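Yeah, the sequence shown ends on 329 if you go by my numbering, and it's all consecutive.
Heads up: the structure comes next, in structure tokens.
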Amino acid sequence: MRLRQIEVFRAVMLTGTVSEAARLLHVSQPVVTRVLQHAEASLGFRLFERVRGRLQPTPEANALYGDVERLYGEIERVRRVSESLRHKGAGRLRVAATPSLANPLLVPAVRRFCARHPDTQVQVLTHHTDEIVGALLANQIDLGFAFSPPRHEAISSEPVASGRMLLAVPRSQPLPAAGRRRQVPMQRLMERPFIGYDDNSSLGLLVRQTLARHALEPRSTLEVQTYSLALALVDAGLGLTLLDQYTALSANPGHVALHDVAPELPFEIQMLRASHRAGSSLADDLRVQFAQAAQELAATLPQRLEAPVVSLDGALPGGARARTAMPE
2 MRLRQIEVFR
12 AVMLTGTVSE
22 AARLLHVSQP
32 VVTRVLQHAE
42 ASLGFRLFER
52 VRGRLQPTPE
62 ANALYGDVER
72 LYGEIERVRR
82 VSESLRHKGA
92 GRLRVAATPS
102 LANPLLVPAV
112 RRFCARHPDT
122 QVQVLTHHTD
132 EIVGALLANQ
142 IDLGFAFSPP
152 RHEAISSEPV
162 ASGRMLLAVP
172 RSQPLPAAGR
182 RRQVPMQRLM
192 ERPFIGYDDN
202 SSLGLLVRQT
212 LARHALEPRS
222 TLEVQTYSLA
232 LALVDAGLGL
242 TLLDQYTALS
252 ANPGHVALHD
262 VAPELPFEIQ
272 MLRASHRAGS
282 SLADDLRVQF
292 AQAAQELAAT
302 LPQRLEAPVV
312 SLDGALPGGA
322 RARTAMPE
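Below, the structure written as structure tokens:
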């Protein structure tokens, strides 16, 4: 189907009559009829049947319509961007972040960015890290934000923020009292429900490998793929978990207590771009806004941390050590 035929087909689907479709498209009724006939001839099947004065779509038309609407969404986006460029000199920016970075960091960054560039069309998406890489390579997005992504020869990365992992604990299930060292061994918490990560992201691997390296085998009955969902489960009192500090800081203080972990488990947040495409001032400014949002949220961390610190190296009572587990 040609674009004009798709346009007429969509108009008839929306209105149900040739006359209303012609009015919607600002053309004559014969034009709509002729284009529709040509479309059916080229397709080799009928798109509409006339029923009581209206055009009833055939099953084939209904099957086509979903893809036509998706196509029109892209066409409308192109139209808005071209209008913006013609009248205001603005542009378009397509950005994605992993789900756990979207709410605490990307949303405030985009809010600042839109205040500075009110006429720029911004498309905001959430993807897992491998999906961000694929979208960059396919030119579906301009930049992405992810935790410590794997290296890729066609993707350039730049650190924009850093942080550390924290232990999130339901307020209804506080940690036991600490000793003179003001630390609680993580081993003492292993009988509690622990929310694990069923993913291959950098932080998911960090959590699993850290527990294994310190011979810690939690009683894990819940596994998730996003840190935001892990936090929601902690908030519901279903277990404790290790979270990145930015997701953790979005927790409700009345429901979730945050504890530091020793030794520290650091991570980086990287901004990703396709190496073979030129950067833009819009992307550079969003990077600045993202970094500033991360810095401001990180500044609230000291007041949210509670005693005691959780020690990953803590020994079992009697000096015994847990059986060593292999990393997944």
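Even for Gly, the Cβ is constructed at its ideal location relative to N, Cα and C.
Only a predicted model underlies this, so the values are computations on that prediction, with no experimental measurement involved.
Using a Cβ-Cβ cut-off of 8 Å (strictly less than) and excluding sequence neighbours within five positions of HIS88, which residues of its own chain qualify?
-> For the purposes of this step, residue 88 is taken as the residue at position 87 of the sequence shown. Its pLDDT being 47, under 50, HIS88 is placed unreliably by the model, and the measurement read from it follows with that caveat. Excluding positions up to five away in sequence, the list is empty.
Can you list, in chain order, the residues of its chain whose CB lies under 6 Å from that of ARG274, leaving out five sequence neighbours each side?
-> Position 273 of the sequence shown holds residue 274. Taken in chain order, the residues that qualify are LEU144 and SER157.
If you draw a straight line from the C-alpha of VAL32 to the C-alpha of ARG24, how long is it?
-> Stepping through the sequence shown from its first residue, residue 32 is reached at position 31. Stepping through the sequence shown from its first residue, residue 24 is reached at position 23. The alpha-carbon atoms of VAL32 and ARG24 are separated by roughly 11 Å.
THR18 to VAL125, Cα distance in whole Å?
-> Walking along the sequence shown from the start, residue 18 turns up at place 17. Walking along the sequence shown from the start, residue 125 turns up at place 124. Rounded to the nearest angstrom, the two C-alpha atoms are 37 Å apart.
Would the beta-carbon of GLY164 fall within 7 Å of that of GLN290?
-> Start at 1 with the first residue of the sequence shown, and residue 164 comes out as number 163. Start at 1 with the first residue of the sequence shown, and residue 290 comes out as number 289. Not a contact, by the Cβ cut-off of 7 Å.
ALA97 - DSSP class collapsed to helix/strand/coil | As a first step, residue 97 is located in the sequence shown; it is residue number 96 there, counting from the start. Correct three-state label for ALA97: strand.
Whose C-alpha, out of HIS128, ARG112, THR130 and ASP131, is nearest the C-alpha of GLN122?
-> Locating residue 122 in the sequence shown gives position 121, where the first residue counts as 1. Comparing Cα positions, the closest option is ARG112.
For PRO267, which residues of its own chain have a beta-carbon under 6 Å away from its beta-carbon, when the five flanking residues on both sides are left out?
-> Working through the sequence shown from its first residue, we reach residue 267 at position 266. These residues qualify, in order along the chain: ARG165.
How many angstroms separate the CA atom of PHE195 from the CA atom of ASN63?
-> Translated into positions along the sequence shown, residue 195 becomes position 194. Translated into positions along the sequence shown, residue 63 becomes position 62. Those two C-alpha atoms are separated by around 48 Å.
So who's on the other strand from ILE270, going by DSSP bridges?
-> Position 269 of the sequence shown, counting from 1, holds the residue named residue 270. Paired residue(s): PHE148 and ALA162.
Whose CA, out of GLU50, ALA42, VAL69 and VAL28, lies closest to the CA of ILE7?
-> Sequence index remark: in the sequence shown, residue 7 carries index 6 (1-based). Checked all of GLU50, ALA42, VAL69 and VAL28; the closest Cα to ILE7 is VAL69.
Which value, in whole angstroms, describes the spacing of the CA atoms of ARG278 and GLY74?
-> Walking along the sequence shown from the start, residue 278 turns up at place 277. Walking along the sequence shown from the start, residue 74 turns up at place 73. When rounded, the distance between both Cα atoms is 25 Å.
Among ARG214, ALA216, HIS215 and ALA231, nearest to THR222 - alpha-carbon criterion | To locate residue 222, count along the sequence shown from 1; it is residue 221. Closest option to THR222, Cα to Cα, is ALA231.
If we ignore side chains and look at the alpha-carbon of each, how far apart do ARG1 and GLN38 end up?
-> A question about residue 1 goes unanswered here, because the residues of the chain that appear run from 2 up to 329.
DSSP beta-bridge partners of ASP285 | Locating residue 285 in the sequence shown gives position 284, counting from the first residue. In the DSSP output, where bridge partners are listed per residue, ASP285 has none listed.
Among TYR228, GLY45, LEU167 and SER251, nearest to ALA263 - alpha-carbon criterion = Here residue 263 corresponds to residue number 262 of the sequence shown, with the count starting at 1. Of the listed residues, the one whose Cα sits closest to ALA263 is LEU167.
Whole-angstrom Cβ separation of MET187 and VAL311, contact assumed at under 8 Å?
-> Along the sequence shown, one-based indexing puts residue 187 at 186. Along the sequence shown, one-based indexing puts residue 311 at 310. Confirmed, about 5 Å.
Please name the residue, chosen from ILE76, GLN141, SER20 and GLU269, that lies closest to LEU56 on a Cα-to-Cα basis.
-> The count along the sequence shown starts at 1 and reaches residue 56 at position 55. With distances taken between Cα atoms, LEU56 lies closest to SER20.
Outcome for GLY240 when other beta-carbon atoms lying within 10 angstroms are tallied against a minimum of 16 | Translated into positions along the sequence shown, residue 240 becomes position 239. With 16 or more other Cβ atoms within 10 Å, it is buried.
With a cut-off of 8 Å on the beta carbons, I'd call THR34 and ARG47 a contact; round off their distance for me.
-> Start at 1 with the first residue of the sequence shown, and residue 34 comes out as number 33. Start at 1 with the first residue of the sequence shown, and residue 47 comes out as number 46. Not really, about 14 Å apart at Cβ, beyond 8 Å.
How many Å lie between GLY90 and ALA258 at the Cα?
-> Locating residue 90 in the sequence shown gives position 89, counting from the first residue. Locating residue 258 in the sequence shown gives position 257, counting from the first residue. Below a pLDDT of 50, predicted positions are generally treated as unreliable, and GLY90, at 45, falls in that range; the measurement from the model is reported next regardless. Cα to Cα, the separation comes out at about 48 Å.
Hey, could you find the ends of the alpha helix (DSSP H) GLY205 is sitting in?
-> Numbered from its first residue, the sequence shown carries residue 205 at position 204. Segment 203–214, the alpha helix (DSSP H) holding GLY205.
In chain order, what residues of the same chain have a beta carbon less than 7 Å from the beta carbon of THR248, not counting five sequence neighbours either side?
-> In the sequence shown, residue 248 corresponds to position 247, counting from 1. Contacts found: SER101, PRO105, TYR228, SER229 and LEU232.
Cβ atoms of GLY197 and PRO224: under 7 Å apart, would you say?
-> Numbered from its first residue, the sequence shown carries residue 224 at position 223. Numbered from its first residue, the sequence shown carries residue 197 at position 196. Checking the sequence, you will find Glu at residue 224 rather than Pro. Result yes, Cβ atoms of GLU224 and GLY197 sit closer than 7 Å.
Answer yes or no: do VAL185 and PRO309 have a C-beta to C-beta separation smaller than 7 Å?
-> Taking the sequence shown and counting its residues from 1, one reaches residue 185 at position 184. Taking the sequence shown and counting its residues from 1, one reaches residue 309 at position 308. Cβ atoms of VAL185 and PRO309: closer than 7 Å.
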